[in-house]
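K.L.:
Per the numbering used here, residue 849 is the first one in the sequence shown, and the count goes up by one each step.
Where is the CB? At the ideal position from N, CA and C, for every residue including glycine.
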Amino acid sequence: MNTPAWNPAIEFMEREALERLQLASLRKTVAWALKTPFYRQRLAEVGLTRSEDIISLRDVRNMPYTTKEDLREAYPEGLLAVDRELVVRLHTSSGTTGAPTVIYHTQGDIDSWTELVARCVVATGATRRDVFQNMTGYGLFTGGLGLHYGAEQVGMLVIPASSGNSSRQVRLMQDFRTTVVHATPSYLLHLQAVLVDEDIDPTDLALQKAFIGAEPHSEETRRRIESLFDIKAYNSYGLSEMNGPGVAFECLHQTGLHLWEDAYILEIIDPQTLQPLAEEEPGEVVLTTLQRQATPLLRYRTRDLSHLAGGYCPCGRVHRRLARLQGRSDDLLIINGVNVFPSQIESTLMKVPGVGTNYLIQIEKRGSLDRLLVKTEVDASLFASHPRTLDKLRERISELLRSAILVKPAVELHQPRSLPMSEGKARRVVDLRPAF
Ligand code: DLL
């Protein structure tokens, strides 16, 4: 197959040349970083005061890590590496704990981000002939503008629909024969339920592809989206601190997410010991920006857990692939001493026929024990059937979950579209246990 690519010279570059490019970019990045009070101090602590002292790519390992906490402390200008006049945009993120962080961009930063997103879009086989409906929020959230610029660069017809207003989304899809959408996986599943409600067969739309990301999701969820809409769904990974979308993306072959290594140095570390792990061992993703001038970040601890996908991707790109993100280290739930990732619950649920597309995980304290309650929507037809059918399904789900996560949950079955739904990132876990 002829592999579609936006920038073949970079995407298929020999590994050695790619690493030479990374080294040159790392030196530039350190020079930029040294312009910020934050990194001047941090790098001086490890004896690094001149970018020329970087001799090899491995020198990155002597640099200190940067954390979300550091970004919060440096807010608003401690990590700004250029004159204010050179900044053309900023994105802030407030996160769930409130304290804001900010990433600044020069025009050059925006151009390189746009190029990275254009590469992602084209890697999935999308072209200028596609109609692209961008269903993620525009504004400070990076999903909207990030994909918008990249898709326009490719020459697609872009519909900046933003998130929410499902009936209008459907109308736009029908009127303009949308062929590609970008949304969180949870929103696409919700949209499918809306289509069914409005008596529209999702497979009658012109839709061919979806870019799904911004939240963890299982392979089973991807398959569900693919089969409900009869399309291909491509996983997209990114985070505001690294621009936003455009960090890593699946190509046509869906063998893992190619991470653009001319723009980021990828390391996977053990989140406890902070030691780099061998290839393919699961751990925390750590990224260093290589192209960003206004807010360079060195060894940023993403908290996202993944590992390198092994083997060779038939597309021929040299940029290494991340396996599907497993979740965040801070998502880990400890239930009566057992470690459980919400993604394990999701992948079990999505395998069960009759189980719908929205679910909620609730944990409460009962005496000294934790109680896990899984609420899931199921097909409406099941509520019209014999009550024993629902009892059996409830028990079946509970048993399947017990064997997957080693904790037997209570299960509640709900009507379609009755559980709370968010238009952006889904909130799947409600932890009602008292904090210590
Ligand atoms: O979510 C950027 C983005 C927008 C990515 C649209 C993809 C598509 P933040 O709001 O800063 O930025 O959230 C970043 O979301 O650290 C992960 O924990 C999670 N995340 C993003 N993409 C994926 C994915 C955007 N494909 C945080 N799979 C990241 C799993 C993801 N988790």
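1) Whole-angstrom Cβ separation of T1026 and Q981, contact assumed at under 8 Å?
2) Rounded to whole angstroms, what's the CA-CA distance from Y923 to T940? Just pull it up for me.
3) Give me the residue from V1018, P1201, M1198 with the minimum Cα distance to L1039.
4) For the stretch 1161 to 1173 against the stretch 1192 to 1210, are there 3 or more C-beta pairs whose distance is under 8 Å?
5) Is any heavy atom in ligand 1 found nearer than 8 Å to the beta carbon of K1080?
6) Does the Cβ-Cβ distance between L1135 and R1151 come in under 9 Å?
7) Can you tell me whether DSSP reads V1259 as helix, strand or coil?
8) What would DSSP say about F1077, mapped onto helix, strand or coil?
9) By alpha-carbon positions, which one of A1283, E900, T877 ends up nearest to A929?
10) Just verifying my parser: in three-state terms, what is the DSSP assignment at D1179?
11) Using 8 Å for Cβ pairs, my map puts P1144 next to G1131. What's the rounded Cβ distance?
12) What residue range is occupied by the uninterrupted alpha helix (DSSP H) comprising Y997?
13) Measuring only the C-alpha atoms, how far is R1072 from S1229?
14) Helix, strand or coil: how does DSSP classify L869 here?
15) May I ask you to check if the CB of S1084 is nearer than 8 Å to at least one heavy atom of ligand 1?
16) Check whether the Cβ atoms of D1218 and N1184 sit closer than 9 Å, and answer yes or no.
17) Going by DSSP, which residues form a beta bridge with R1169?
P.N.:
Walking through what the data contain:
1) 4 Å
2) 10 Å
3) V1018
4) no
5) no
6) no
7) strand
8) helix
9) T877
10) helix
11) Between G1131 and P1144 the Cβ distance is about 23 Å, and since that is not below 8 Å, they are no contact.
12) 990 to 1002
13) 19 Å
14) helix
15) yes
16) yes
17) H1106
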